[in-house]
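> This note's numbering applies: residue 322 is where the sequence shown begins, and numbers increase by one. Note that CB positions come from ideal geometry on N, CA and C, so glycine has one too. In this text the structure is predicted, and so the values were computed from the model without any measurement.
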Amino acid sequence: MACGSTSLWAGETTWFCCGSAWGPCGSTGTGACGTCQSNAHQAAWPNASQACFDITRPDLCGETIARRGCGSVMNVKHQCSGATVCVTVSDCGPRTKSFCGESACCNGACRTNRVIDLTPAAFSAIGNLSSGKLPVYIYE
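#1: Beta-carbon separation of VAL394 and ILE437 under 8 Å?
#2: What residue range does the alpha helix (DSSP H) around THR377 cover?
#3: When you compare only the Cα positions, how much space is there between SER467 and ARG389?
#4: Output the boundary residues of the alpha helix (DSSP H) element that contains PRO441.
#5: Assign THR409 to one of three DSSP states: helix, strand, or coil.
#6: So is LEU455 buried or exposed if we call it buried at 16+ other beta carbons inside 10 Å?
#7: Are at least three pairs of beta-carbons, each pair with one atom in the segment 417-433 and one in the segment 347-354, less than 8 Å apart?
#8: Short of 7 Å in beta carbon distance, which residues of its chain neighbour CYS426, apart from the five on each side in sequence? Order them along the chain.
#9: Is GLN450 buried or exposed, if buried means 16 or more other CB atoms sit within 10 Å of its CB?
#10: If I measure Cβ to Cβ from ALA331 and keep anything under 6 Å in the same chain, skipping five residues before and after, which residues do I get?
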């Protein structure tokens, strides 16, 4: 899996559980793509398909997020620490429309709107799970 450096988006990330038990997660479903595992570097993207977009509606928060389907690879970079993790889209989410205007900040710089969810393994590669959310840049 090769992660790129072409800027795709900036926003906020949180973490979610899927697949087999790992860390704070119990056993759950394998997501919209059928491949999601909490112990892998994976992500949920709000425009993974038209059905996903209809649920997440990032446009209601002013976001024009590109379609990137199951198996798409992205590089997620913590805005302040610079830590990065390469992830594969394996689910639909986050439900951006439910979190319009929510922000995550560090060093006085903020990103708004949840635009990507990471599995606990991916999130912990760039931040502490207890932080709950992080401002990030997303590349492809």
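Once the coordinates are examined:
#1: What you label residue 394 is simply residue 73 of the sequence shown in a count that begins at 1. What you label residue 437 is simply residue 116 of the sequence shown in a count that begins at 1. Not in contact: VAL394 and ILE437 (Cβ atoms no closer than 8 Å).
#2: Along the sequence shown, read from residue 1 onward, the residue named residue 377 stands at position 56. Residues 371-377.
#3: It is not possible to answer for residue 467, since the shown part of the chain is limited to 322 through 461.
#4: Here residue 441 corresponds to residue number 120 of the sequence shown, with the count starting at 1. 441-447 is the span of the alpha helix (DSSP H), which, as asked, contains PRO441.
#5: Looking up residue 409 in the sequence shown gives position 88. In the structure shown, THR409 sits in a strand (DSSP, three-state: E or B).
#6: Within the sequence shown, numbered from 1, the residue matching residue 455 stands at position 134. By the C-beta density criterion, LEU455 is buried, having at least 16 other C-beta atoms within 10 angstroms.
#7: The segment 417-433 vs the segment 347-354: no contact.
#8: Residue numbering aside, residue 426 sits at position 105 when the sequence shown is read from its first letter. Cβ within range, chain order: PRO456.
#9: Sequence index remark: in the sequence shown, residue 450 carries index 129 (1-based). Contrary to the premise, residue 450 reads as Leu rather than Gln in this sequence. Residue environment for LEU450: exposed (fewer than 16 other C-beta atoms within 10 angstroms of its C-beta).
#10: Residue 331 sits at position 10 when you count from the first residue of the sequence shown. Same-chain partners within the cutoff: ARG432 and TYR458.
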